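Colleague: Pasting in a structure now, in structure tokens, and then I'll have a few things to ask.
Protein chains: 2
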Amino acid sequence: MQRNSGGAVEPLKIAFIGAGRLATNLAPALQAAGCELLEVWSRTRESASELAARLKCHAAWGHVGEATTEADVYIISVSDAALQEVVGALHKGRERALFAHTAGSMPLGLFAEAGHERGGVFYPMQTFSKQRAVDFSRLHFFIEATTTEDLRLLAQLASGLTAEEHIHEAGSAERRRLHLAAVFACNFANRCFALADDILQDAGLPFDAMLPLIQETVEKLNTLSPEDAQTGPAVRRDSNVIGMQRAMLLQRPDLLAVYDTLTRSIQQPHSTPKQDK
Amino acid sequence: MQRNSGGAVEPLKIAFIGAGRLATNLAPALQAAGCELLEVWSRTRESASELAARLKCHAAWGHVGEATTEADVYIISVSDAALQEVVGALHKGRERALFAHTAGSMPLGLFAEAGHERGGVFYPMQTFSKQRAVDFSRLHFFIEATTTEDLRLLAQLASGLTAEEHIHEAGSAERRRLHLAAVFACNFANRCFALADDILQDAGLPFDAMLPLIQETVEKLNTLSPEDAQTGPAVRRDSNVIGMQRAMLLQRPDLLAVYDTLTRSIQQPHSTPKQDK
């Protein structure tokens, strides 16, 4: 929401640049929170039209210059590789609008580099799929903007989606660090699940049997720090089991490398043994 | 339950050897399913008494020979290192009872080696804490026994706790493989969570912000295989982000080793890139 000169509240007009997994989740959530979604632009007609149809708003596609010039806020959710170019091409005719990107590892400074005055970052800590609707009310947002006023504007957008205490101001260096932590917590943890699946498939054993184990591993984090929740042969320094498991992986050097690296990581000096039985 | 010669059903008398995290969860669940819990034995009086008090059954402690000789089934849940010795010391006076251990990586054959005829394994795929009650109805059990009759008996015990389709017969080699998969899915994934926590603590950023991300990463597994659910810079082969993240870890060779090993694992030939935005 933005106050106009008369003091009345006018809804912000928002355009989405990009119609990928993040936009597919964020745009409907902002609309449900009362924002006016003006347009979705995407490189391809198909993906722009698909999301725009869901939002009952205009679709634009092709060159990013085809996007509307009427929006107050452009939320730019494209690949990191395309971001700088897209921002450069959007600037003309939209000089007074706020541009905000959603990328973990891209700096705020790229807007100024493209000659655009009003820049911001609107980074939700989540992994998005097109098929699954995310519950934004539990998410944390990390926001940043060139001006205090625009920081407030992004905080207001976020407050339509999640609790005040989940909205954090974070500079580009902090956000890069958050993104790095997310790579460990999400991408690398998921790789461990995939390797477990791999080990079981080889023997025709059901991966579904792992789901309650994985869920409990995560539910423990509501009450214990992950360091305190650590169990297993590595933290117990159970060299019999470790030796047996390494022997099982001798034919799979790819898995053995992960086994040895994570076992060593768990056994670092600050790790303390836990009882496992 | 066991049929006596007259055809009436007599409850099985069960003793727990060991009062650790697994016994603390399994014993009350079996009692709630209608089993008669006769006794809990533990090395220390304190832990035996604590669990026995919860179960309102007898406690024994000290040498394992002090355990009751009256049970039909002994569920032996001690450390892998102690298991062989405990089984050896229990045999005398309990020759006709069924001994079942609960360890992922210990063979069924250890009972025969100790001269004990009726051996079995009762392996629930879960990580247990003393502080958290586990919901057994979702767990998978992997069972094994020397005789068909005892296999049926262990299946009956398990069917009091979980659905029939969650009870699997698995030999010792398969069970070792399940345990290895669990190390990846639970212990190694948890280590990735701990490293994310480490990265955030260094910068005073809140680990709680990661919880919705971690929960969504796991919830995806209900509909996608972990390989299909993989996201992030590694699977996108986003060398800009990977280079920037590696640079952030140069002062932390321990974290960099994990980063490089898991990035390589994700980028193995069979991994296919996924759209992340």
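Each protein sequence line maps, in turn, to chains A and B.
Residue numbering for the first sequence is 8 to 284, as defined by our numbering.
Residue numbering for the second sequence is 8 to 284, as defined by our numbering.
Glycine included, every Cβ here is placed at the ideal spot set by N, Cα and C.
Computed from a predicted model, the values in this text were never measured in an experiment.
(1) To the nearest angstrom, how far is the alpha carbon of residue 178/A from that of residue 216/B?
(2) Pop quiz: residue 107/A and residue 146/A are said to be a contact at Cβ under 8 angstroms. What is the actual Cβ separation, rounded to whole angstroms?
(3) At a Cβ threshold of 8 angstroms, is residue 224/B touching chain A?
(4) On the premise that residue 268/B lies in contact with residue 268/A, defined as a C-beta separation below 8 angstroms, what is that separation, rounded to the nearest angstrom?
(5) Given a cut-off of 8 angstroms on the beta-carbon distance, is the pair residue 55/B and residue 26/B in contact?
(6) Quick one: grab the DSSP three-state call for residue 65/B.
(7) Please list the terminal residues of the continuous beta strand (DSSP E) segment that includes residue 214/A.
(8) Tell me the DSSP secondary structure of residue 25/B in three-state form.
(9) Does chain B have any CB closer than 8 angstroms to the CB of residue 99/A?
(10) Please report the Cβ distance between residue 34/A and residue 58/A, rounded to the nearest whole angstrom; I am assuming they are in contact, meaning their Cβ atoms lie under 8 angstroms.
(11) Under 8 angstroms, do residue 60/A and residue 67/A count as touching if we go by C-beta distance?
(12) Anything in chain B within Cβ reach of residue 221/A, meaning under 9 angstroms, just list it in chain order.
(13) Helix, strand or coil: which one does DSSP assign to residue 135/B?
(14) Under DSSP, the alpha helix (DSSP H) around residue 149/A begins and ends at which residues?
(15) Do you know how far the Cα of residue 256/A is from the Cα of residue 40/B?
(16) Measuring only between beta-carbons, confirm whether residue 247/B sits less than 8 angstroms from chain A.
(17) According to a CB-to-CB cut-off of less than 7 angstroms, which residues of the region 241-265 of chain B neighbour chain A?
(18) Decide if residue 140/B is buried, meaning its Cβ has at least 16 other Cβ atoms within 10 Å, or exposed.
(19) What is the residue span of the beta strand (DSSP E) that residue 141/A lies within?
(20) How many angstroms separate the CA atom of residue 224/A from the CA atom of residue 143/B?
(21) Spell out a yes or no on whether the region 178-195 of chain A and the region 205-221 of chain B are touching, meaning 3 or more CB-CB pairs, one atom from each, closer than 8 angstroms.
(22) If you draw a straight line from the alpha carbon of residue 175/B to that of residue 128/B, how long is it in whole angstroms?
(23) How about residue 279/B: is its C-beta nearer than 8 angstroms to some C-beta of chain A?
(24) By Cβ distance, which residues of its chain are closer than 6 angstroms to residue 125/B, with the 5 residues on each side in sequence left out?
(25) What in chain B is Cβ-close to residue 268/A, meaning under 7 angstroms?
(26) With 16 other CB atoms within 10 Å as the buried threshold, where does residue 265/B fall?
(27) Can you name the residues that DSSP bridges to residue 175/B?
(28) Anything in the region 103-130 of chain A with a Cβ closer than 7 angstroms to a Cβ of chain B? List those residues in chain order, please.
(29) Is the beta carbon of residue 172/B sitting closer than 8 angstroms to the one on residue 204/A?
(30) Cβ atoms of residue 206/B and residue 188/A: under 8 angstroms apart, would you say?
(31) Does any C-beta atom of chain A lie closer than 8 angstroms to the C-beta of residue 91/B?
(32) Among 69/A, 48/A and 112/A, which one has its Cα closest to the Cα of residue 254/B?
(33) Quick one: does residue 232/A have its CB under 8 angstroms from some CB of chain B?
(34) Going along the chain, which residues of its own chain have a beta-carbon closer than 7 angstroms to the beta-carbon of residue 273/B, five neighbours each way excluded?
(35) Could you compute how far the alpha carbon of residue 101/A sits from the alpha carbon of residue 197/A?
(36) Within this structure, are the beta carbons of residue 46/B and residue 22/B separated by less than 8 angstroms?
Modeller: According to the structure data:
(1) Within the first sequence, numbered from 1, the residue matching residue 178/A stands at position 171. Within the second sequence, numbered from 1, the residue matching residue 216/B stands at position 209. Residue 178/A and residue 216/B: Cα-Cα distance of roughly 16 angstroms.
(2) Here residue 107/A refers to the residue found at position 100 of the first sequence. Here residue 146/A refers to the residue found at position 139 of the first sequence. With 8 angstroms as the limit, residue 107/A and residue 146/A do not qualify as a contact, their Cβ atoms being about 16 angstroms apart.
(3) If you number the second sequence from 1, residue 224/B lands on position 217. Yes, contact with chain A.
(4) Indexing the first sequence from 1 puts residue 268/A at position 261. Indexing the second sequence from 1 puts residue 268/B at position 261. With a Cβ gap of about 4 angstroms, residue 268/A and residue 268/B count as contacting.
(5) Residue 55/B sits at position 48 when you count from the first residue of the second sequence. Residue 26/B sits at position 19 when you count from the first residue of the second sequence. Yes, they are a contact pair.
(6) As a first step, residue 65/B is located in the second sequence; it is residue number 58 there, counting from the start. It is a strand residue.
(7) Here residue 214/A is taken as the residue at index 207 of the first sequence, counted from 1. Segment: none, residue 214/A is in no beta strand (DSSP E) and carries neither H nor E.
(8) Against the second sequence, residue 25/B aligns to sequence position 18. Of the three classes helix, strand and coil, the one that applies to residue 25/B here is coil, per DSSP.
(9) Start at 1 with the first residue of the first sequence, and residue 99/A comes out as number 92. So, not an interface residue.
(10) Numbered from 1 along the first sequence, position 27 holds the residue referred to as residue 34/A. Numbered from 1 along the first sequence, position 51 holds the residue referred to as residue 58/A. So it is a contact: roughly 6 angstroms between Cβ atoms.
(11) If you number the first sequence from 1, residue 60/A lands on position 53. If you number the first sequence from 1, residue 67/A lands on position 60. No, the Cβ-Cβ distance between residue 60/A and residue 67/A is not below 8 angstroms.
(12) Your numbering for residue 221/A matches position 214 in the first sequence. Here the neighbours are 192, 193, 196, 225 and 228.
(13) For the purposes of this step, residue 135/B is taken as residue 128 along the second sequence, with counting starting at 1. Residue 135/B: coil per DSSP, three-state reduction.
(14) As a position in the first sequence, residue 149/A is number 142, starting the count at 1. Looking at the DSSP string, residue 149/A is not in any alpha helix (DSSP H); the run it does join, the beta strand (DSSP E), is 148-152.
(15) For the purposes of this step, residue 40/B is taken as the residue at position 33 of the second sequence. For the purposes of this step, residue 256/A is taken as the residue at position 249 of the first sequence. Going from the Cα of residue 40/B to the Cα of residue 256/A covers about 39 angstroms.
(16) For this step, residue 247/B is matched to residue 240 along the second sequence. At least one chain A Cβ lies under 8 angstroms of residue 247/B.
(17) 241, 245, 247, 248, 251, 252, 255, 261, 264 and 265
(18) Numbered from its first residue, the second sequence carries residue 140/B at position 133. Exposed, since its Cβ has fewer than 16 Cβ neighbours within 10 Å.
(19) To locate residue 141/A, count along the first sequence from 1; it is residue 134. Segment: none, residue 141/A is in no beta strand (DSSP E) and carries neither H nor E.
(20) Taking the first sequence and counting its residues from 1, the one referred to as residue 224/A is at position 217. Taking the second sequence and counting its residues from 1, the one referred to as residue 143/B is at position 136. For residue 224/A and residue 143/B, the distance between alpha carbons rounds to 15 angstroms.
(21) yes
(22) As a position in the second sequence, residue 175/B is number 168, starting the count at 1. As a position in the second sequence, residue 128/B is number 121, starting the count at 1. Roughly 11 angstroms separates the two Cα atoms.
(23) Here residue 279/B corresponds to residue number 272 of the second sequence, with the count starting at 1. Below a pLDDT of 50, predicted positions are generally treated as unreliable, and residue 279/B, at 45, falls in that range; no measurement from the model is reported.
(24) As a first step, residue 125/B is located in the second sequence; it is residue number 118 there, counting from the start. Correct list, in chain order: 105 and 157.
(25) Your numbering for residue 268/A matches position 261 in the first sequence. Ordered by position in chain B, the residues that pass the 7 angstroms Cβ test against residue 268/A are 264, 265 and 268.
(26) What you label residue 265/B is simply residue 258 of the second sequence in a count that begins at 1. Classification of residue 265/B: buried, given that the 10 Å Cβ count is 16 or more.
(27) Residue 175/B sits at position 168 when you count from the first residue of the second sequence. Answer is 149/B, bridged to residue 175/B.
(28) 112
(29) As a first step, residue 172/B is located in the second sequence; it is residue number 165 there, counting from the start. As a first step, residue 204/A is located in the first sequence; it is residue number 197 there, counting from the start. Their beta carbons are not under 8 angstroms apart, which means residue 172/B does not touch residue 204/A by this criterion.
(30) Position 181 of the first sequence holds residue 188/A. Position 199 of the second sequence holds residue 206/B. Yes.
(31) Sequence index remark: in the second sequence, residue 91/B carries index 84 (1-based). Chain A contact via Cβ: absent.
(32) To locate residue 254/B, count along the second sequence from 1; it is residue 247. That would be 112/A, whose Cα lies nearest to the Cα of residue 254/B.
(33) Here residue 232/A is taken as the residue at index 225 of the first sequence, counted from 1. Taking Cβ atoms only, chain B reaches closer than 8 angstroms to residue 232/A, which makes this a yes.
(34) As a first step, residue 273/B is located in the second sequence; it is residue number 266 there, counting from the start. Only 237, 241 and 242 meet the Cβ criterion.
(35) Counted from its first residue, the first sequence places residue 101/A at position 94. Counted from its first residue, the first sequence places residue 197/A at position 190. Spanning the two alpha carbons is a distance of roughly 40 angstroms.
(36) Taking the second sequence and counting its residues from 1, the one referred to as residue 46/B is at position 39. Taking the second sequence and counting its residues from 1, the one referred to as residue 22/B is at position 15. Going by C-beta atoms, residue 46/B is nearer than 8 angstroms to residue 22/B.
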